[in-house]
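Going left to right, the sequence shown walks through residues -27 to -1, 1 to 195 as mature numbering (1 follows the signal peptide of the UniProt record, and there is no 0) numbers them. Every residue, glycine too, gets a C-beta built ideally from N, C-alpha and C. A quick note: this is a predicted structure, and the numbers were derived from the prediction, not measured. Worksheet: one structure, shown below.
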Amino acid sequence: MRFHVQTSLRGLVLATALLAAPAAVSAQTPAPTPDLPLLDEPGGENPFDPNVKPDAPAVVDRNANSLDELFGRLAAAKSPAEAHPFEQRILKRLIDSDSDTVDLMVKWAVEAMNAERWGAALDLLDQALLLQPDFAEGYNRRATVWFMLDDYGRSLADIERALAIEPRHFGALSGLAGIMQRIGETDRAYEVYSRLAAIHPNLPDVRKAIEKLEPDARGRPI
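Structure below.
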């Protein structure tokens, strides 16, 4: 599997980084990390692509269903096609900081990440989170940078902050499970993937990840 920082940072960034992470600790073949969804854009644009003009952001309908209702519909969906519209509306909510300034800073941070300028990305995300300390996706993105710098402690700390704000953030959960696998915490990875499956049961490969980890995790206290 490859890590596509140079293209669009698929969906929620941290989990995409973990798609490429080799299982350095475990001798077993790692469970497949769920392939997180992209946010649809008119004309096939991606809101994290530096070529997308800043005056064409993802549209967020603040009068639409509450996140609780959207996550409920996502969990109840019987197929990926049925889940897709709810997934998209959730993604739009998660990437919206409620601040044009913070949104622009995050856009610049993603451009820095695309160029592998990790220090610049950290500086921008630090400033964005000072302005908007309750922005879960900001912590999720900063966790990606720490991961790329091999600083798993800070990456996990930012994932925890993201999940404290939005416990159903499926990008942060997938990232957490991926790091747990990487450091050999199979039971913890199994637990997190199980939580992820309850939130988004149609997420590609989440069931495969659970099935892969279940023989080692079954019967152990989690």
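Since Ile142 is in the alpha helix (DSSP H), which residue starts that stretch and which ends it? A quick correction: the sequence has His, not Ile, at residue 142. Unbroken run through His142: none, as it is neither H nor E.
Quiz prompt | Distance cut-off 7 angstroms: Gln105 Cβ against heavy atoms of the ligand ADP | solution = For the ligand ADP, the structure offers nothing, since it holds no ligand at all.
Practice prompt. For the alpha helix (DSSP H) containing Leu67, list its first residue and its last residue.
Written response: Pro53 to Ile68
- Task: Inspect the CB distances between the region 59 to 79 and the region 44 to 51 and report whether three or more fall short of 8 angstroms.
- Result: Pairwise C-beta distances place the region 59 to 79 in contact with the region 44 to 51, as three or more of them are shorter than 8 angstroms.
Note to self: If I measure Cβ to Cβ from Ala190 and keep anything under 7 angstroms in the same chain, skipping five residues before and after, which residues do I get?
What the structure shows: Thr159, Asp160 and Tyr163
Give me the Cβ distance between Ser70 and Gly126, rounded to the nearest whole Å; I'm assuming they're in contact under 8 angstroms.
-> 25 angstroms between Cβ atoms; not a contact.
Through-space distance from His173 to Leu95, alpha-carbon basis:
Here the alpha carbons of His173 and Leu95 stand approximately 29 angstroms from one another.
Self-check item: Span of the alpha helix (DSSP H), counted from its first residue to its last, around Ala101
Solution: Trp91 to Leu104
Discussion item. Please return the same chain residues whose Cβ sits closer than 6 angstroms to the Cβ of Phe108, not counting the five positions on each side in sequence.
Written reply: Ser70.
For this session: Could you check if Glu139 is buried or exposed, using at least 16 other CB atoms within 10 Å of its CB as the buried criterion?
Result: By the neighbour-count definition (other C-beta atoms within 10 Å, threshold 16), Glu139 is a buried residue.
*asked:* Cutting at 8 angstroms between CB atoms, please list the residues of its own chain near Arg168, excluding the five before and the five after it.
replied: Here the set comprises Leu146.
Between the Cα of Met78 and those of Ile156, Leu122, Leu104 and Leu64, spot the shortest distance and give me the residue it belongs to. It is Leu104 whose Cα lies nearest to the Cα of Met78.
Please classify Gly148 as buried or exposed, where buried requires at least 16 neighbouring CB atoms within 10 angstroms.
buried
Could you work out which residue in Ile156, Leu186 and Glu89 is closest to Leu122 when comparing CA atoms only? Closest option to Leu122, Cα to Cα, is Glu89.
Would you identify the three-state DSSP class for Glu164, choosing helix, strand or coil? helix
Requested in this report: Starting from the Cα of Phe75, find the closest Cα among Asp131, Met86, Ile63 and Leu97 and give me that residue.
Outcome: Correcting the residue type first, residue 75 is Val in the shown sequence and not Phe. It is Leu97 whose Cα lies nearest to the Cα of Val75.
Exercise for the section: Under 6 angstroms Cβ to Cβ from Ala116, same chain only, skipping five residues before and after it: list those, please. Expected result: Sequence-distant Cβ neighbours of Ala116 in its own chain, meaning closer than 6 angstroms and more than five residues away, are Leu(-14), Ser128, Asp131 and Ile132.
*If you run the structure through DSSP and keep just helix, strand and coil, what is Phe108?*
It is coil, neither helix nor strand.
*Which value, in whole angstroms, describes the spacing of the CA atoms of Ala135 and Asn87?*
Their backbone Cα atoms lie some 22 angstroms apart in a straight line.
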